[in-house]
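Under my numbering, the first residue of the sequence shown is numbered 349, with each subsequent residue one higher. Glycine included, C-beta positions come from ideal geometry on N, C-alpha and C. To keep things clear, I will list the structure first and then write my remarks on it.
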Amino acid sequence: MATLLYRLGRASLRHRRLVVAVWLVVLVGLGLAAATLRGPTASNFTMPGTESQQALDLLAERFPAASGATGTIAVKAPADGQLATPEGQAVVKGVVQEAATLPGVVGAVDPFQVQAVSPNGRFALVQVQFAKGADEVTDDQREAYEKVGAQAEAQGWQVAPGGEVLNSEPEVGSTEALGVLVAAIVLIITFGSLVAAGMTMLNALIGVAVGMAGLYALSGAVELTSTAPILALMLGLAVGIDYSLFITSRHRQNLLDGLEPDEAVGRAVGTAGSAVVFAGATVVIALAGLAVVNIPFLTVMGLAAAGTVTVAVLVAITLQPALLGFAGRKVLPRKLRRADAAPAAGDTPPAEDRSGFGFRWAHWVTRLRIPVILVGLLGLGLLALPAQDMRLALPDAATAPAGSAARASNDVIREGFGPGFTGRLAVVVTSDSPQDTAAAVPQVTALIQRTEGVLAVAPPQVDPSGRTALLGVIPKTGPTDAATETLVHDIRDGVGAIGNAEVLLTGVTAIGIDVSEKLSDALPVYLLLVVGLSILLLMLVFRSILVPVKAALGFLLTVAATFGITVAVFQQGHLADLVGLDTPGPLISFLPILLIGILFGLAMDYEVFLVSRMREDFVHGDTPRQATINGMGHGARVVTAAALIMISVFGGFVFLDDPVIKSMGFALAIGVAIDAFVVRMTIVPAVMSLLDRTAWWLPRWLNRALPNVDIEGEGLRAHLDREPVDA
349 MATLLYRLGR ASLRHRRLVV AVWLVVLVGL GLAAATLRGP TASNFTMPGT ESQQALDLLA
409 ERFPAASGAT GTIAVKAPAD GQLATPEGQA VVKGVVQEAA TLPGVVGAVD PFQVQAVSPN
469 GRFALVQVQF AKGADEVTDD QREAYEKVGA QAEAQGWQVA PGGEVLNSEP EVGSTEALGV
529 LVAAIVLIIT FGSLVAAGMT MLNALIGVAV GMAGLYALSG AVELTSTAPI LALMLGLAVG
589 IDYSLFITSR HRQNLLDGLE PDEAVGRAVG TAGSAVVFAG ATVVIALAGL AVVNIPFLTV
649 MGLAAAGTVT VAVLVAITLQ PALLGFAGRK VLPRKLRRAD AAPAAGDTPP AEDRSGFGFR
709 WAHWVTRLRI PVILVGLLGL GLLALPAQDM RLALPDAATA PAGSAARASN DVIREGFGPG
769 FTGRLAVVVT SDSPQDTAAA VPQVTALIQR TEGVLAVAPP QVDPSGRTAL LGVIPKTGPT
829 DAATETLVHD IRDGVGAIGN AEVLLTGVTA IGIDVSEKLS DALPVYLLLV VGLSILLLML
889 VFRSILVPVK AALGFLLTVA ATFGITVAVF QQGHLADLVG LDTPGPLISF LPILLIGILF
949 GLAMDYEVFL VSRMREDFVH GDTPRQATIN GMGHGARVVT AAALIMISVF GGFVFLDDPV
1009 IKSMGFALAI GVAIDAFVVR MTIVPAVMSL LDRTAWWLPR WLNRALPNVD IEGEGLRAHL
1069 DREPVDA
């Protein structure tokens, strides 16, 4: 692979104008396709095979009028008892009439007819039924809905529209640009050259633009969840900058060693590019592996992010060499740009400077390896403790950004009626005959009313054929409370067999519970898959058994500590103010499984860049300890810069208001920090020093059976020794 990439790198530099032109054509073409073919994103999370989804599908078929999105308008009077007066009732009825005539609305329910009025006579709830699902409600319809009650508010009333219809796509604003700015500063400091930093950043941004344009071009044919493009952008930026950084850094070193630019690029792509391809492949495999969980929205998210990572790899090994060809020796600091500053071919190379921080850190870690390992394990173990209390759920309006319409409505409903009214459940009773349905509804109602945790059961709504009835159930607790999850199971167990009718429980709350449970069940299987994959891949790269096992165990430490810190901040609320979180709550259901997939690829990335140099020096005669020190000394600066860039990019998304994106950015930033600085740059060299020669042991039969992927470029060196470099 190294030889093939070497040739690709040289060809890209020699035909740099053509390469740049091709990528620009691709970018413009995909941009035009995205502008014309882009489809809407979905804010709901469907889960085929679950009871809640079966109920929704049945409603869409038999009771379409009740299958559209719902809205709840919370009305608060200026004083207690005001809803009992004729004037107060007139205000509420005016809100109902206004809501019923909104575009896209099929009806609004008078709260006085269904007793949706608080005991103190100050709060009322107006249920609004839309004709289409939340993802099909247009922006104009949603905007009109949010403006309901302006006349009442002018009289001192509070009118707060809310409900699932307000679910919208999180917006990517200017805050995450801070992460990109920090990444640019890190590049400038690392390279000491504006040209090198600018080339690296430009390359990454082109790759992200191509990846995102392609993703949006496909969104017209494939339904994307609202978080899928954000995840793809987040990952595409981070790995795009890092992969370009690795190749540029190796190219600069080759120039300083006296190589001509085309040869320097070829060797950079052949060596660092091989590691980039491997690292990118591990990220893509881990993300694409989300498909084995068999959850459609998660599969789409994984494939979308995998697509942008693939583009980042392709851009790094083709466009980056072309851009470096235009830059020439300007990628070096100004004082090193002169051709005569590089050693001539016959000169003795100067002694290597081993006074840098990487070498000094490696000496210290290997000398105190036992205390370092114990402190590292103990520290990460303590950080992981909160993870045992982790709760997963889909987000509800209670955790929406403060000041948003959804949050305002949720707060008013909780104040006037209690948390249960913000997470209503829906029970579908259906049969093949109106008589069976009519007989089953009273039985179902009675059973649900006797279930612990139920506050009230609303009167049934019946479809025109009389075969399907819809019951509203109000729990005593909020949508993400553990007691509500217990209630959902109790209701399903209690009404499982009612005469000749089928009874199904659904609603946004029930869907969230079903999604969380299915993801929790899939998490151990996916974790086992990822760990097994890491051991196999690293066995191919390092020709060792203990090194891959050590890498996998380090990955598990990273994941556990990251979960623990994220739970402590986002669920338990410790230091929540520092990340702009005003309401702690359960973690988003798909965060753990996504985090495992993404961190796996990034962890293997740093493992390869550090340990491959250790193996290279060991194979060439260094002692195991000296090889470990060399690997750290040569790789620490680049890995540190790469990790800081990823932390900056991921951390930039913490400043978004959306709590889901905020938690994803935070968890990824923390995970990269722990894995790069604690696991890979501290625990790994200490363990490698402790294992000594046994770290590189591999049975002969297994060594013969495993293919040689040549990440370190040994085959390339042999090829260059046989064939002289073209003039």
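| Item | Value |
| --- | --- |
| 8 Å Cβ cutoff met for Trp505 and Val439 | yes |
| Lys424 - containing beta strand (DSSP E), residue span | 418 to 424 |
| DSSP-derived helix/strand/coil call for Phe411 | coil |
| Enclosing alpha helix (DSSP H) for Pro665 [first to last residue] | Note on identity: in this sequence residue 665 is Ile, with Pro being the wrong assignment. Ile665 -> alpha helix (DSSP H) spans 644 to 675. |
| Three-way DSSP call (helix, strand, coil) for Leu795 in this model | helix |
| Ala693 to Gly618 span [Cα, whole Å] | Any reading at Ala693 needs caution, since the residue's pLDDT is 49, under 50, leaving its predicted position unreliable; the model's value is listed next. Distance between the alpha carbons of Ala693 and Gly618 is about 21 Å. |
| Uninterrupted beta strand (DSSP E) stretches inside the segment 808 to 877 (no shorter than 3 residues) | 816 to 823, 850 to 854 |
| Separation of Ala787 from Ala1015, as counted between CA atoms | 51 Å |
| Cα-Cα separation, Glu512 to Ala576 | 19 Å |
| Three-state class that DSSP yields for Thr449 in the structure shown | coil |
| Where Gly676 falls, given that 16 or more other Cβ within 10 Å makes a residue buried | exposed |
| Rounded separation between Pro426 and Ala408 - CA only | 40 Å |
| Separation of Tyr874 from Thr793, as counted between CA atoms | 40 Å |
| Three-state secondary structure (DSSP) of Leu803 | strand |
| Nearest residue (CA-CA) to Thr630, options Leu881, Leu901, Val917 | Leu881 |
| Contacting residues, own chain, Cβ-Cβ under 7 Å from Ser466 (five flanking each side not counted) | Gly764, Phe765 |
| Cβ-based burial, Thr384 [other Cβ within 10 Å; buried from 16] | exposed |
| Neighbour-count burial assignment, Ser1080, 16 or more Cβ in a 10 Å radius | This structure gives no information on residue 1080, because the portion of the chain shown stretches from 349 to 1075. |
| Between the CA atoms of Val507 and Glu491 - distance to the nearest angstrom | 14 Å |
| Three-state class that DSSP yields for Gln974 in the structure shown | helix |
| Three or more C-beta pairs below 8 Å linking the segment 549 to 566 and the segment 973 to 991 | no |
| Pro734 vs Val915 beta-carbon contact at 8 Å | yes |
| Whole runs of the alpha helix (DSSP H) within the segment 458 to 516, excluding any shorter than 4 residues | 487 to 494, 498 to 502 |
| Own chain partners of Ala531 with C-beta closer than 7 Å, once the 5 adjacent residues on each side are dropped | Ile589, Ile993, Ser996, Val997 |
| Euclidean distance between Cα positions of Leu894 and Trp1044 | 7 Å |
| C-alpha distance - Ala660 paired with Val587, whole-angstrom precision | 7 Å |
| N- and C-terminal bounds of the beta strand (DSSP E) containing Ala774 | 773 to 778 |
| Span of the alpha helix (DSSP H) around His711 | 705 to 715 |
| Simplified DSSP state of Leu742, which is helix, strand or coil | coil |
| Cβ neighbour criterion (16 or more within 10 Å) applied to Leu1050 | exposed |
| Proximity below 8 Å, CB of Gly979 to CB of Leu958 | yes |
| Pro719 versus Ala653: straight-line alpha-carbon distance, rounded | 39 Å |
| Buried versus exposed, by CB contacts within 10 Å (16 or more), Asp737 | exposed |
| Buried or exposed (CB count within 10 angstroms, at least 16 for buried), Phe539 | buried |
| Ala693, DSSP secondary structure in three states | Low per-residue confidence applies at Ala693: pLDDT is 49, beneath 50, and the placement is therefore not dependable, though the value from the model is reported in the following sentence. Three-state DSSP puts Ala693 in coil, outside helix and strand. |
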